[in-house]
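Here's the structure we're looking at; comments come further down.
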Amino acid sequence: MSKKLNGDSASRRSFLQKTLSLIPLSVVGGSIAPASVLAADTDTKSAGVSDHYVPTFFNNEEWRFILAATDRLIPGDSNGPGAVSEGVPVFIDKQMELPYGHGQLWYMQAPFASAAPELGYQSNLVPRETYRRGIKAVNEHCQQQFQNVFADLSHEQQEDILRQLEAGKLIFEAVPGKLFFQQLLENTQEGYLADPMHGGNQTLASWKLIGFPGARADYQQVMDNPNKPYPLGPVSISGKRSV
3 MSKKLNGDSA
13 SRRSFLQKTL
23 SLIPLSVVGG
33 SIAPASVLAA
43 DTDTKSAGVS
53 DHYVPTFFNN
63 EEWRFILAAT
73 DRLIPGDSNG
83 PGAVSEGVPV
93 FIDKQMELPY
103 GHGQLWYMQA
113 PFASAAPELG
123 YQSNLVPRET
133 YRRGIKAVNE
143 HCQQQFQNVF
153 ADLSHEQQED
163 ILRQLEAGKL
173 IFEAVPGKLF
183 FQQLLENTQE
193 GYLADPMHGG
203 NQTLASWKLI
213 GFPGARADYQ
223 QVMDNPNKPY
233 PLGPVSISGK
243 RSV
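Counting with the numbering used here, you get residues 3 to 245 for the letters of the sequence shown.
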């Protein structure tokens, strides 16, 4: 089992801090991320995902899944806010209506075959289809095993399902479980790192976590003094600043 879902929230937070900085900065600043309201429970309601937000792509059951799953992938704790409070579900929903969600940024012509990851995306499913099929398949599996959909399971049960998806132990006819997990995890990370104008990272928490200055126009004086922490908080493209 990888470190993504192994151990307590503090260890996952440490893993996040070490790995998010490896994602290209184009994910943070680009207008379209090249790709992380009906709340699952009261713990997932926050300023990041407003009760008044109406998803444009996900239906109610799918939205509840996204809220619950992203909350387990990047949970809020004493070290900082989680995916839901940072608006990551909103980021993912918006991405599904952009060219990325429709697969228009990739070559999507046959033949489709299994291949090494370095050869690029090989599935015939675009992100919208991966989510729609994946959420339905996971909910049906949970109904059979627990008599409840994913969003209504305990946190421990939800994390166990996510671990099984990550390990490729859940095989669905409509979509490979591992492919669905990778889609969800990548979009969750991207939403957590995105500029707030795209929906996620609403308090700029991830940028503060990795020391990224954001869209500040000039920080030459910092580059002239390497190995010293950046003294100012990050700034969004829209001008929004961290508190």
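Backbone N, C-alpha and C fix where the C-beta goes; we use that ideal spot for every residue, glycine too.
- Non-local beta-carbon contacts of Gly-136 in its own chain, meaning distances under 6 Å to residues more than five positions away in sequence, involve Val-177, Phe-182 in chain order.
- Looking from the CA of Asp-95, the closest CA among Gln-149, Gln-159, Gln-145, Gly-193 belongs to Gly-193.
- For Pro-231 and Gly-201, the gap between their C-alpha atoms comes out near 27 Å.
- Judged by DSSP secondary structure, Ser-208 falls within the alpha helix (DSSP H) whose first and last residues are 207-212.
- Its Cα nearest to that of Thr-72, the residue Val-86 stands out among Glu-63, Leu-211, Val-86.
- Each of Gly-82, Gly-78, Val-128 was checked against the Cα of Pro-101, and the nearest Cα belongs to Val-128.
- About 14 Å separates the Cβ atoms of Asn-203 and Gln-97, ruling out a contact at the 8 Å cut-off.
- Every alpha helix (DSSP H) of 4 residues or more that sits fully in the region 136-204 is shown, in chain order, as 157-168, 179-195.
- Proximity to Asp-79 across Glu-64, Thr-132, Ala-207, Pro-228 peaks at Ala-207, based on C-alpha coordinates.
- Proximity to Ile-76 across Trp-65, Pro-91, Asn-62 peaks at Pro-91, based on C-alpha coordinates.
- When DSSP reads this structure, Arg-243 sits in a beta bridge with Val-237.
- A direct Cα-to-Cα measurement between Gln-223 and Gly-89 gives close to 33 Å.
- In the DSSP annotation of this structure, the continuous segment of the alpha helix (DSSP H) that includes Leu-69 starts and ends at 62-75.
- Glu-63 and Gln-146 have their C-alpha atoms some 17 Å from each other.
- Judged by DSSP secondary structure, Gln-223 falls within the alpha helix (DSSP H) whose first and last residues are 222-225.
- Bridge partners of Gly-103 according to DSSP: none are assigned.
- Between Asn-141 and Phe-67, the C-beta spacing is below 8 Å.
- Ser-238 and Pro-228 have their alpha carbons spaced roughly 23 Å apart.
- In the DSSP assignment, Lys-96 falls within the alpha helix (DSSP H) that extends over 90-97.
- Each residue's CA atom was taken as its position, placing Arg-134 and Pro-236 some 35 Å apart.
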